[in-house]
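I have placed the structure first, in the form of structure tokens, so that the comments after it can refer back to it.
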Ligand SMILES: [Zn+2]
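Numbering (our numbering), first residue to last: 663 to 863.
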């Protein structure tokens, strides 16, 4: 397949892309550890969206691997993972970061967030989100412990590694290169890094 569109997303920023059924979406961690929150909406009806909880229960897995689909809230396959050169560690448990999350972490004043990035991207794409779904947190590393606690630990993804998915229907895909610089979401150095969002056909 050939790359038809490339969107460079600075760490903390966002991008959006429309993909037709059969086309691929590739998400690359350009410079090392960086989480990319991903949302997908049906191109014609944003009431239909990628649902982390429906994906978990349909797959009976905590995260999809190569060959697995990500499902909509109507339980139709929306995206299928076709290649993953990263260690395959992603997350479907954590919500997107939002202003209150940063407040709870002790940050004072404005801070970019994935939730706000989603809203801005929807506006730019001329679409309306009727609700804010939980994201598929590409490259996010969440440790599940025997005492039932969960912890966000540094991502395992390295520079240049990517995950590629085939669209199973026409979609609007939104990526937020997570702005988190307090928790270890993007690594312990408190830095964010760019993400490359590409469409292949
Ligand atoms: Zn975030």
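Just so you know, even glycine gets a beta-carbon here, dropped at the ideal spot from N, CA and C.
The model shown is predicted, which means the values in this text are computed figures rather than measured ones.
Taking buried to mean at least 16 other C-beta atoms within 10 Å of its own C-beta, is residue i buried or exposed?
{"i": "residue 766", "result": "exposed"}
{"i": "residue 775", "result": "buried"}
{"i": "residue 813", "result": "exposed"}
{"i": "residue 706", "result": "exposed"}
{"i": "residue 784", "result": "buried"}
{"i": "residue 769", "result": "exposed"}
{"i": "residue 740", "result": "buried"}
{"i": "residue 729", "result": "exposed"}
{"i": "residue 617", "result": "Residue numbering for the chain in the displayed model covers 663 to 863; residue 617 lies beyond these limits and cannot be assessed."}
{"i": "residue 771", "result": "exposed"}
{"i": "residue 851", "result": "exposed"}
{"i": "residue 874", "result": "It is not possible to answer for residue 874, since the shown part of the chain is limited to 663 through 863."}
{"i": "residue 809", "result": "exposed"}
{"i": "residue 664", "result": "exposed"}
Say yes only if the C-beta of residue i is nearer than 7 Å to one or more non-hydrogen atoms of ligand 2, and no if none qualify.
{"i": "residue 714", "result": "The model depicted lacks ligand 2 and carries ligand 1 instead."}
Give me the residue from the options with the minimum Cα distance to residue i.
{"i": "residue 782", "options": "757, 838, 818", "result": "838"}
{"i": "residue 803", "options": "702, 796, 817, 846", "result": "817"}
{"i": "residue 788", "options": "835, 758, 670", "result": "835"}
{"i": "residue 780", "options": "771, 772, 790", "result": "790"}
{"i": "residue 710", "options": "732, 689, 845", "result": "732"}
{"i": "residue 671", "options": "840, 848, 845", "result": "840"}
{"i": "residue 712", "options": "849, 815, 796, 847", "result": "796"}
{"i": "residue 718", "options": "708, 735, 702", "result": "735"}
{"i": "residue 849", "options": "819, 702, 703", "result": "819"}
{"i": "residue 761", "options": "721, 844, 663, 702", "result": "844"}
{"i": "residue 723", "options": "751, 690, 669", "result": "751"}
Across which residues does DSSP place residue i in a beta bridge pair?
{"i": "residue 800", "result": "698"}
{"i": "residue 677", "result": "837"}
{"i": "residue 861", "result": "667, 687"}
{"i": "residue 828", "result": "686, 742"}
{"i": "residue 712", "result": "734"}
{"i": "residue 805", "result": "813"}
{"i": "residue 704", "result": "833"}
Going by the CB atoms, is the gap between residue j and residue i shorter than 8 Å?
{"i": "residue 828", "j": "residue 686", "result": "yes"}
{"i": "residue 615", "j": "residue 825", "result": "Residue coverage of the chain in this structure runs from 663 to 863, which leaves residue 615 outside it and unanswerable."}
{"i": "residue 694", "j": "residue 854", "result": "no"}
{"i": "residue 777", "j": "residue 794", "result": "yes"}
{"i": "residue 858", "j": "residue 756", "result": "no"}
{"i": "residue 683", "j": "residue 832", "result": "yes"}
{"i": "residue 727", "j": "residue 743", "result": "yes"}
{"i": "residue 798", "j": "residue 842", "result": "no"}
{"i": "residue 863", "j": "residue 666", "result": "yes"}
{"i": "residue 800", "j": "residue 700", "result": "yes"}
{"i": "residue 860", "j": "residue 737", "result": "no"}
{"i": "residue 708", "j": "residue 792", "result": "yes"}
3 or more residues per run - each beta strand (DSSP E) lying fully within the region 735-798:
739-746
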